[in-house]
Amino acid sequence: MDSEQLQLSPFGKIERFFAEAVETCSHPARNDARLLLRAGFEAANLDTDCGTIVSDAIEAIEKYLTECVSAAQIEGEIIRNQPASDLGRLLLATLLSMIVLIRLRPDRTHLEDVVRPTLHRLRPFEIG
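Residue numbers (the working numbering): 67 to 194.
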């Protein structure tokens, strides 16, 4: 983790994570995310070792997102009326849907349009 990442607020870390995910998914030479999902689909029933690796990677991503959500809830940056684990899974589902969408509709703007309202809905509503 670089020094810039350490200085980000918990919600800032989530925003940065998704900005990097959009960049990775939409860049034709970067197949990291697509490879992870494809391996998960294809290896689930065929290769238990590969399936375990993919499952572990997805669990690590979910854990990171959930930890960021929990910290952001403590800081008041994210709504507190839902458990951090549920919101972490929502963010994971958003990430996985981005990977599928870029294969069906290779448009960076479309990915950004998916991420924006998801992150916006996490923010607490302030009156005034």
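Idealized CB from N, CA, C, for every residue including glycine.
Does residue i come out as helix, strand or coil in the three-state DSSP assignment?
| i | result |
| --- | --- |
| GLY117 | helix |
| GLN148 | coil |
| LEU156 | helix |
| ALA85 | helix |
| PRO190 | coil |
Nearest to residue i by CA position, among the options, is which residue?
| i | options | result |
| --- | --- | --- |
| SER163 | VAL180, PRO149, GLN148 | VAL180 |
| LEU161 | LEU185, GLU141, ILE145 | LEU185 |
| ILE140 | LEU157, ARG189, ALA123 | ARG189 |
| SER92 | ALA150, GLN148, LEU170, LEU156 | LEU170 |
| PRO172 | GLU128, PRO149, THR90, ILE127 | THR90 |
Take residue i and list the residues in its own chain whose beta-carbon comes closer than 6 angstroms to its own, dropping the five residues that flank it on each side.
| i | result |
| --- | --- |
| ILE80 | CYS134 |
| ALA166 | One point to set straight first is that residue 166 is Val, not Ala, in the sequence displayed. There are no such residues. |
Might you give, ordered along the chain, the residues of its own chain that have their beta carbon closer than 8 angstroms to the beta carbon of residue i, omitting 5 neighbours on each side?
| i | result |
| --- | --- |
| VAL88 | MET164, ARG174, LEU177, GLU178, VAL181 |
So, under 8 angstroms CB-CB, residue i and residue j are touching, yes? Tell me the CB distance rounded to an integer number of Å.
| i | j | result |
| --- | --- | --- |
| ALA138 | PRO76 | 4 angstroms |
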